[in-house]
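FYI, the numbering for the sequence shown is 88 to 781, going by our numbering.
No residue lacks a Cβ here, since even glycine has one placed at the ideal position from N, Cα and C.
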Amino acid sequence: MTDHKLSTLLEPRSIAIVGASPKEHSTGQSMLRTLKTLGFAGPIYPVNPRYEQIEGLTCYAGLEALPEAVDLAVLAVSNERLEEQLGKAIRAGARSAAIFGSCVMPEAQEPRLADRLSAMAREAGLPICGGNSMGFCHYQARIHVNSYPFIERLPGGVTFLSQSGSVFAAVVNHNHRLGLNFAVSTGRELSTSTADYMDYALGLDSTRAIGLFLEGVRDPDAFRRSLERAQAQDVPVVVLKVGRSEQAAQMAVSHTGALAGNDVAYGALFDRYGVARVDTIDELVTTLLLLSHPRRVGPGAVATIHESGGERELVVDHAADIGVPFAAINEGTRAKLAARLDYGLDPVNPLDAFGTGNDYGGIMRDCFQALLDDPATAIGMFFLDMLQDNLYSETCTQACLDAAANTSKPVVLATNSASLDHQRRAVEVTHAGVPVLDGTVAALRAVRHALDHRDHRQRPAIATPAPASAAVRQRWKERLARGRVFSEAEGLALLADYEIPVLPYRLVYTLAEAKQAATALGYPVVLKTAMPDIAHKSDVGGVKLNLRDEAAVEAAFLDLNERIGSHVLVTRFAPGGVELVLGLKKDPQFGPVILVGAGGTLVELMRDVQAALAPLDEASALRMIDKLKVRRLLSGLRGAPPSDIAALARALVRLSALAVDLGDHLAEIDINPLLVKPQGCAALDALVVPARRG
């Protein structure tokens with residue numbers, strides 16, 4: 088047994104099954120049979136007052152009647168009996184429990200059943216698998232505790248944790264290509280969270296990758312610590328996260344809040360720790376197959392070989408969409424290919440290697456070997472519509488295996504269709520060292536994740552930006568503590584104190600002051616309403632642009648004064664440049680999130696945004712910028728000069744310094760637009776929302 092707080096749950100030495108029954112296909116009976124079949128060496132105690140014996144084992148009337156305190160009490164009872172039986176398990180000294188029931192009842196009582204069970208377990212320090220769980224399969228320890236039986240399989244290096252029972256079953260029932268050391272249907276996580284199971288997995292020498300199906304994170308700090316540990320141990324984490332809701336965004340005050348819904352914070356968290364985020368169960372499985380492989384991707388790009396010109400084009404199209412780069416092979420490799428290819432086939436990567444069919448196995452083997460030997464190749468993909476019990480497929484598959492045996496680089500065999508009849512052969516090839524990845528898109532996405540994992544491992548640690556002076560920090564903490572949304576002038580002053588460039592401005596209340604400010608700042612100017620509690624000035628006609636003379640200033644001021652109010656901000660007009668939005672959003676689980684995206688009036692329409700957890704350094708800021716769709720615009724299009732990317736990156740870094748200094752006092756900051764010009768950048772508007780207190 089391992090030395091971990093979950094050892095008695097996941098590696099129990101004694102088990103009691105409350106609700107055991109001799110009825111065919113009942114949970115209690117199937118559990119008893121499964122444990123006996125797996126050769127469980129410890130005592131198993133059926134508990135049910137209606138029977139004296141079940142499956143040849145003495146049956147006990149209650150947990151209190153057992154001859155010893157068990158490691159694991161399985162509560163295979165109805166929701167109505169869960170509270171009573173959990174209490175008995177705690178009093179009987181059980182060291183862990185498993186609950187399959189939903190823990191939901193038609194009751195008006197508060198707290199609800201699930202909350203009561205959770206409170207009982209936490210007070211007792213009792214690990215619980217579930218409720219609303221299908222249990223777990225510990226293949227390495229040969230212990231299954233499930234609501235219905237799952238097949239036994241050879242243990243491997245993948246841990247899988249799922250908050251959905253159906254997804255748990257889909258992955259556990261997947262063919263034996265995916266080698267699991269253990270898998271858990273975590274369910275409601277009454278007292279044991281996904282992070283706890285991850286911590287257990289990271290203590291096993293066998294764990295090479297962790298797969299997660301997440302609806303949410305119940306213990307954010309522990310989850311983050313587990314991601315840090317996985318990163319330190321070079322154990323890739325692959326996540327299928329669902330629940331990309333717009334509801335939180337609709338409740339936000341600023342553009343930043345609208346862009347930084349709950350899902351954006353998860354994306355920022357995953358990016359910080361190099362987590363591979365997938366979109367489908369198929370992509371989850373293919374990515375786990377590749378990232379759990381002993382061979383890691385090195386420098387370079389992807390080399391692919393194909394048996395079809397048309398399917399090669401299909402792969403190239405999807406690779407372009409997914410961002411999978413092809414290796415630029417050298418002339419020596421091209422010569423090797425040309426020497427083996429049939430007439431009419433080009434010696435290029437990606438390679439169509441099937442011509443006349445003469446010696447197709449040898450040609451495939453030698454050409455794939457040449458591609459793998461090229462120094463620009465990081466990983467090889469052998470695309471084959473593989474069938475089992477088929478001579479052509481067997482020959483091509485062997486060509487792939489032969490080439491893979493003569494390289495230290497990772498090699499995968501990818502199919503273009505997941506529905507082919509090849510499962511038995513796919514297991515054999517995978518166990519021979521070449522993972523078989525089904526489906527063009529899922530396979531390419533898995534390779535992209537492998538490349539990303541390599542690149543993330545090469546990133547240096549993020550350097551925390553220098554804080555503002557103690558006096559500046561204290562002044563703004565005191566102002567934020569008042570709880571009132573900042574005026575634009577206050578917001579711009581805050582940014583300036585954190586070295587985020589702003590345009591010169593004056594706050595005025597009379598027409599005479601407006602004219603004086605315009606003259607002092609220099610024409611053309613902009614007039615904007617500065618009345619309190621107007622978050623989006625454009626929506627109320629509160630912005631007057633490109634005012635070139637005193638008459639225009641007068642007309643604009645009088646209109647704003649009459650319609651909205653006398654508080655007016657005068658700034659210099661700044662034509663040209665690219666408008667972006669910079670933002671800060673305090674996520675309740677993961678802390679300050681920094682955002683950058685396409686700005687101006689189309690910010691919500693374009694939704695071109697990148698997010699990262701604070702703090703940032705210049706390198707991480709540049710990575711965010713490079714992922715934007717407007718990055719090409721920033722580089723200069725159709726003769727336009729390129730924007731000052733370095734100045735934009737510095738502004739992001741300083742915003743992250745602000746987040747580190749004042750994050751606990753802030754709900755949101757919205758800088759829209761931030762104008763990025765060929766030399767420098769400047770915030771033209773700022774909305775600052777303090778955190779709610781009390």
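Whole-angstrom distance between residue j and residue i, CA atom to CA atom
i, j, result
"residue 372", "residue 256", "13 Å"
"residue 165", "residue 149", "15 Å"
"residue 631", "residue 766", "25 Å"
"residue 512", "residue 394", "19 Å"
"residue 622", "residue 774", "7 Å"
"residue 163", "residue 93", "20 Å"
"residue 514", "residue 189", "35 Å"
"residue 698", "residue 303", "19 Å"
"residue 846", "residue 368", "Here the chain comprises residues numbered 88 to 781, so residue 846 is not present and cannot be evaluated."
"residue 102", "residue 213", "15 Å"
"residue 88", "residue 266", "21 Å"
"residue 253", "residue 238", "15 Å"
"residue 555", "residue 585", "6 Å"
"residue 410", "residue 744", "32 Å"
"residue 52", "residue 391", "The structure shown has nothing for residue 52, since the chain only spans 88 to 781."
"residue 653", "residue 599", "12 Å"
"residue 729", "residue 720", "8 Å"
"residue 469", "residue 708", "36 Å"
"residue 281", "residue 310", "7 Å"
"residue 547", "residue 118", "49 Å"
"residue 535", "residue 484", "23 Å"
Own chain partners of residue i with C-beta closer than 6 Å, once the 5 adjacent residues on each side are dropped
i, result
"residue 342", "Per-residue confidence for residue 342 stands at a pLDDT of 40, beneath the threshold of 50, marking its modelled position as unreliable; the derived number appears in the next sentence. 668, 690, 757, 759, listed in sequence order."
"residue 415", "463"
"residue 370", "529, 532"
"residue 486", "448, 451, 452"
"residue 382", "497"
"residue 776", "340, 572, 754, 755"
"residue 284", "248, 271"
"residue 133", "104, 107, 141, 144, 146"
"residue 121", "231, 236"
"residue 664", "762, 763, 764"
"residue 405", "527, 528, 531"
"residue 674", "352, 680"
Distance between beta carbons of residue j and residue i, contact taken as under 8 Å
i, j, result
"residue 695", "residue 684", "5 Å"
"residue 172", "residue 105", "5 Å"
"residue 520", "residue 491", "6 Å"
"residue 540", "residue 378", "6 Å"
"residue 543", "residue 361", "3 Å"
"residue 375", "residue 245", "5 Å"
"residue 552", "residue 704", "7 Å"
Those residues which DSSP pairs with residue i across a bridge
i, result
"residue 697", "683"
"residue 249", "272, 300"
"residue 405", "Looking at the DSSP assignment, residue 405 forms no beta bridge with any residue, so it has no partner."
"residue 104", "133, 161"
"residue 411", "In DSSP, residue 411 forms no bridge with anything."
"residue 147", "134"
"residue 140", "145"
"residue 190", "In DSSP, residue 190 forms no bridge with anything."
"residue 467", "390, 498"
"residue 432", "In the DSSP output, where bridge partners are listed per residue, residue 432 has none listed."
"residue 602", "Paired residues: none, contrary to the question."
"residue 763", "665, 768"
Residues near residue i by beta carbon distance below 7 Å, same chain, minus five either side
i, result
"residue 768", "588, 731, 734, 735, 738, 761, 762"
"residue 217", "185, 186, 187, 274, 275, 277"
"residue 579", "589, 592, 770, 773"
"residue 624", "615, 616, 630"
"residue 399", "393, 437, 439"
"residue 386", "465"
"residue 808", "Because the chain is modelled from 88 through 781, residue 808 falls outside the range shown and cannot be assessed."
"residue 222", "185, 187, 216, 232, 233, 234, 272"
Other residues of its chain near residue i: CB distance less than 8 Å, five sequence neighbours each side excluded
i, result
"residue 249", "255, 258, 270, 271, 272, 273, 299, 300"
"residue 655", "594, 595, 596, 601, 614, 615, 616, 617, 644, 647, 648"
"residue 749", "560, 563, 564, 567"
"residue 604", "593, 595, 612, 657"
Original post:
Per the contact definition of three or more C-beta pairs closer than 8 Å, is the stretch 501-515 in contact with the stretch 471-491?
Top reply: Yes: the two stretches touch, three or more of their Cβ pairs being nearer than 8 Å.
Subject >> Stretch pair the stretch 220-236 + the stretch 199-207: three plus CB contacts closer than 8 Å >> reply: Cβ pair count under 8 Å is below three, so no.
Original post:
Do the stretch 308-316 and the stretch 631-641 meet, that is, are 3 or more Cβ pairs less than 8 Å apart?
Top reply: Because the criterion of three Cβ pairs below 8 Å is not met, the stretch 308-316 and the stretch 631-641 do not touch.
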